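Residue 51 in UniProt numbering sits at position 51 of the sequence shown, with consecutive numbering throughout. Here is the structure we will look at, set down as structure tokens.
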Amino acid sequence: MSDTSFKWRWMPHHEGAVPKAGQGNRISTYTVALEGWRRGLDLKFYGHYDEEQNFNVRYSLSNEDRTHHFQLSMGDGVTKEAFDICDNKEITKQYLRSAEVPVPVPEGKVFDETYTDEDILAFAKTMELPIVFKPTDGNAGNGVFANIESLDELEEIIPYVREELEFKEVMVEDYIPGREYRVFVIDDHVLGAMIRRPASVLGDGESTIKELIHQANEVRMTNPHLTSRLIKVDREIRSILKRKGFKLSTVPGDGERIYLREKSNLSKGGDAIDVTDKLTDNLKTIARNVGKAIPGLKHYGVDMIVDEKNDTGVILEVNTRPGFGGHLFPMEGKPRDVAKDIIDFYFPETKDKGRSGLYFDFDSVLEPIINGTTLSVEIITITPDPLYGKKLILTGDVNVSSFHNWIKRQAKRRNLNGYVQNQDDGKLLIVVAGTGRAAVEDFIKKCSSGTGDVDIKSIEEDEWHKPVKMSFEIKRRKTDLNPVQLEREIEKLNKEIVKLKESNSWKVTRPLRAFGEVKKKLKK
Numbered sequence: 001m002s003d004t005s006f007k008w009r010w011m012p013h014h015e016g017a018v019p020k021a022g023q024g025n026r027i028s029t030y031t032v033a034l035e036g037w038r039r040g041l042d043l044k045f046y047g048h049y050d051e052e053q054n055f056n057v058r059y060s061l062s063n064e065d066r067t068h069h070f071q072l073s074m075g076d077g078v079t080k081e082a083f084d085i086c087d088n089k090e091i092t093k094q095y096l097r098s099a100e101v102p103v104p105v106p107e108g109k110v111f112d113e114t115y116t117d118e119d120i121l122a123f124a125k126t127m128e129l130p131i132v133f134k135p136t137d138g139n140a141g142n143g144v145f146a147n148i149e150s151l152d153e154l155e156e157i158i159p160y161v162r163e164e165l166e167f168k169e170v171m172v173e174d175y176i177p178g179r180e181y182r183v184f185v186i187d188d189h190v191l192g193a194m195i196r197r198p199a200s201v202l203g204d205g206e207s208t209i210k211e212l213i214h215q216a217n218e219v220r221m222t223n224p225h226l227t228s229r230l231i232k233v234d235r236e237i238r239s240i241l242k243r244k245g246f247k248l249s250t251v252p253g254d255g256e257r258i259y260l261r262e263k264s265n266l267s268k269g270g271d272a273i274d275v276t277d278k279l280t281d282n283l284k285t286i287a288r289n290v291g292k293a294i295p296g297l298k299h300y301g302v303d304m305i306v307d308e309k310n311d312t313g314v315i316l317e318v319n320t321r322p323g324f325g326g327h328l329f330p331m332e333g334k335p336r337d338v339a340k341d342i343i344d345f346y347f348p349e350t351k352d353k354g355r356s357g358l359y360f361d362f363d364s365v366l367e368p369i370i371n372g373t374t375l376s377v378e379i380i381t382i383t384p385d386p387l388y389g390k391k392l393i394l395t396g397d398v399n400v401s402s403f404h405n406w407i408k409r410q411a412k413r414r415n416l417n418g419y420v421q422n423q424d425d426g427k428l429l430i431v432v433a434g435t436g437r438a439a440v441e442d443f444i445k446k447c448s449s450g451t452g453d454v455d456i457k458s459i460e461e462d463e464w465h466k467p468v469k470m471s472f473e474i475k476r477r478k479t480d481l482n483p484v485q486l487e488r489e490i491e492k493l494n495k496e497i498v499k500l501k502e503s504n505s506w507k508v509t510r511p512l513r514a515f516g517e518v519k520k521k522l523k524k
């Protein structure tokens, strides 16, 4: 039994339609923008500097009557007042307490760099275990150690967080037991709920924990939301395994789940599991009341610690820009199209207009904005009409570049989208789609006649219902690249390696790499 046997339950309109640039941290931006664009709205991406002079890519969607601006998953329906309140956890708690929305009251203390490790340990001795040790300014679970059950364990963790991870201000607080829920709300409607299972592996009775982590990461690489959120063996994982009496070489039993972290952050290897249909009325009420307690908060995500036995919960955090990836691409359960819900809220008149099956090249959109070549990029507006698509397999003497270019020209003359690509077995694949059936059929008829450069033996024709990228391109396999193109690929990889080496995570893991020369195959 293994997690690698999991079969994704894609929403059909997202299958194969999330390019590399739209994965990971940009998945909310891309899916909301894509949904609006597919409904015929005008889409524009632009660069923006925030108050701290950090550069971000934002976007707007427009129709003939109005324009709405977005950053990540947050639209302009969320006011600046609401954003500022939710940006400060203590102020958020004050608003929630005033509205009698339950929040935790953990006991604890903050320590800045003037305190010694011994000072922190001395304070921890006055608390009841288990406890939590974390940086005050951490994000995505970095440096957070929950459910610490011994002072010896804390003594090892403190220098790791303060010195190796270089967090200047840390805190010790009570550990609050319960299951963590993420609930998404729009305008008093609960539209998505998920639990985030901490990083774990499922035993098959044969593989070691180390091997199971590798298998789990291979599965995560196939999920657009998790491609860059792999399980990485670090101090926390080693500490938890040691506490439980396990090693990386341990072979768990078939069906035995081994938890590798306490916190459930998806960025640290956690799994999203949809529980929308299981959310109780009481928990829904708590989540909805958050929006009533904070003025100007039209849509948001809440992190809630839930006591499932007593059907009660407390709000840990309110997020004005919640990540949508866990709802759209859960590891288990039904995907929830929260990107669709956002567009329904801002442009309700488009609900019944339909949705195009096209998607755009997000990679080429972002590049000129990020590198400063241009201030903004507008995507060609399309109609929300469904696509009529075909898949063709040509056999014969068809792997001729001039023929592929000719096919591309025929598609462009008819305003069709798709691609042509050589296959490993020598056949030629053509995917073509457009809003008009007649144009697609005419294209197929033209291609069937071929040119003098090729000898077509047979053509297999089938329906194509998956999304198609706007434009028509000649896709190349890595083996099709010429020496110049290969050099460019190598140069691109070298730049990624340099970027990695300059990152904080590379510096933190330097002592571990110093034990030996290890060649690694980098995957992103």
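We put the beta carbon where it would ideally sit given N, CA and C, even for glycine. Quick caveat: nothing in here was measured; it's all calculated off a predicted structure.
For residue i versus residue j, is the C-beta distance shorter than 7 Å?
i, j, result
"Val431", "Val440", "no"
"Gly326", "Ala411", "no"
"Pro467", "Tyr346", "no"
"Val78", "Thr320", "yes"
"Asp254", "Gly301", "no"
"Lys44", "Ser28", "no"
"Val172", "Gly108", "yes"
"Gly143", "Phe167", "yes"
"Val454", "Val400", "yes"
"Val290", "Pro104", "no"
"Leu316", "Asp303", "yes"
"Ile382", "Ser356", "yes"
"Pro177", "Glu149", "no"
"Phe324", "Val338", "yes"
"Leu226", "Arg220", "yes"
"Ile459", "Leu392", "yes"
"Asn25", "Leu41", "no"
"Thr451", "Lys427", "no"
"Asn417", "Phe472", "yes"
"Glu51", "Gly296", "no"
"Phe474", "Lys408", "The sequence shown places Ile at residue 474, rather than the Phe named in the question. Yes; because the gap between Cβ atoms is below 7 Å, this pair is in contact."
Roughly how many angstroms separate the alpha carbons of residue i and residue j, rounded to a whole number?
i, j, result
"Asp385", "Tyr419", "20 Å"
"Ile91", "Glu256", "42 Å"
"Leu248", "Pro102", "40 Å"
"His299", "Val185", "5 Å"
"Tyr95", "Gly245", "44 Å"
"Ser505", "Arg162", "Legend: pLDDT at Ser505 = 45, less than 50; position of this residue unreliable, no value from coordinates given."
"Leu266", "Gly333", "16 Å"
"Thr280", "Ser264", "21 Å"
"Lys156", "Pro252", "Residue 156 is actually Glu in this sequence, not Lys. Rounded to whole angstroms, Glu156 to Pro252 spans 26 Å at the Cα level."
"Lys507", "Thr136", "Its pLDDT being 47, under 50, Lys507 is placed unreliably by the model, and the measurement read from it follows with that caveat. Cα to Cα, the separation comes out at about 21 Å."
"Lys125", "Tyr259", "27 Å"
"Leu72", "Lys445", "44 Å"
"Trp10", "Pro335", "7 Å"
For the beta strand (DSSP E) that residue i lies in, which residues bound it at each end?
i, result
"Ser376", "376-379"
"Thr312", "312-319"
"Val400", "Counting along the chain, Val400 falls outside any beta strand (DSSP E), and DSSP gives it neither H nor E."
Classify residue i as buried or exposed, calling it buried when 16 or more other Cβ atoms lie within 10 Å of its own Cβ.
i, result
"Ile380", "exposed"
"Asn415", "exposed"
"Arg413", "exposed"
"Asn422", "buried"
"Ile370", "exposed"
"Phe133", "buried"
"Gly205", "exposed"
"Glu35", "buried"
"His199", "The residue you asked about is not His; residue 199 is Ala in the sequence shown. It counts as buried."
"Glu262", "buried"
"Thr67", "exposed"
"Tyr388", "buried"
"Asp307", "exposed"
"residue 525", "The displayed coordinates of the chain run from 1 to 524. Any statement about residue 525 would go beyond what the structure contains."
"Glu517", "Its pLDDT being 35, under 50, Glu517 is placed unreliably by the model, and the measurement read from it follows with that caveat. Label assigned to Glu517: exposed."
"Glu236", "buried"
"Lys340", "buried"
"Gly16", "exposed"
"Asn223", "buried"
"Gln53", "exposed"
"Pro19", "buried"
"Pro12", "exposed"
"Pro322", "buried"
Could you please give the first and the last residue of the uninterrupted alpha helix (DSSP H) stretch that includes residue i?
i, result
"Asn282", "281-293"
"Ile27", "27-38"
"Ser449", "437-449"
Jot down the residue ranges of each uninterrupted beta strand (DSSP E) in the segment 71-136, minimum 3 residues, whole runs only, in chain order.
108-111, 131-135
Beta strand (DSSP E) segments (min. 3 residues) lying fully within the segment 335-366:
none
Hey, which unbroken runs of the alpha helix (DSSP H) at 4 residues or more fall wholly within the segment 171-254?
209-220, 235-243
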